[in-house]
Amino acid sequence: MSPGPQRPVRLEVHAREPFAEAYRFTGIGAYEVLTATAHYAVDPKAAANRAIPDLDLVPPDVTGKVCFSGDVEILRPVDGGRGRLFFDWGNRGNKRAVQYFCDAPHTNRPRTLADAGNGYLMRRGYTIVFGAWQGDLGCCSTCPWRDEARSPCAA
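Take the sequence shown: its position 130, counted from the start at 1, is 136 in my numbering, and no numbers get skipped.
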């Protein structure tokens, strides 16, 4: 059983900047990068959330929800694209979708035209979302730009 659908209760955007030196991908146009934090709140008593380990041990907030957050990075067409979304839950905080689907070099901070590789996903108008789910990475100078989740400690 997997946890029920969880939607962010708030998306806090920290930065917005051009992607790929504002290169205009054929038929789509330029892309931008949004760096953000997604904030979530889940009901520990909901049947759909019973599969989340130790959720019942975390003190809820005043509304009875358990709150947590995670890093999010979004590559999106400036002019809207084609309404397509490619979601990448990175392993160990690594962003791999552009590397694998655009034949690009690996980077956890895609910003340059070289980082777009052959532009396969961009030329098709995809919005690419990198979401963090893992909170035990201990990100530091040896692994910069990895996405990480932040959750409360169970008592």
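Even glycine gets a Cβ: it sits at the ideal position worked out from N, Cα and C.
If the criterion is Cβ atoms closer than 7 Å, does the pair residue 52 and residue 78 meet it? no
Take residue 62 and list the residues in its own chain whose beta-carbon comes closer than 7 Å to its own, dropping the five residues that flank it on each side. 50
Could you check the C-alpha separation between residue 74 and residue 14 for me, to the nearest Å? 10 Å
Roughly how many angstroms lie between the CA atoms of residue 56 and residue 120, to the nearest whole one? 44 Å
To which residues of the same chain is residue 85 closer than 7 Å at the C-beta, ignoring the five residues directly before and after it? 35.
In the DSSP assignment, find the unbroken beta strand (DSSP E) run with residue 19 in it and report its ends. 16-25
If distances are taken between C-alpha atoms only, which option among 99, 92, 123, 46 comes closest to residue 105? 123
Residue range of the beta strand (DSSP E) that residue 92 falls in? 90-95
With DSSP as the reference, please indicate the residues paired to residue 41 in a beta bridge. 21, 79
Near residue 146, which residues of its chain fall below 6 Å by C-beta distance, leaving aside the five closest residues on each side in sequence? Interpretation of residue 146 is limited by its pLDDT of 49, a score under 50 that renders its predicted location unreliable; the figure taken from the coordinates is listed afterwards. Here the set comprises nothing.
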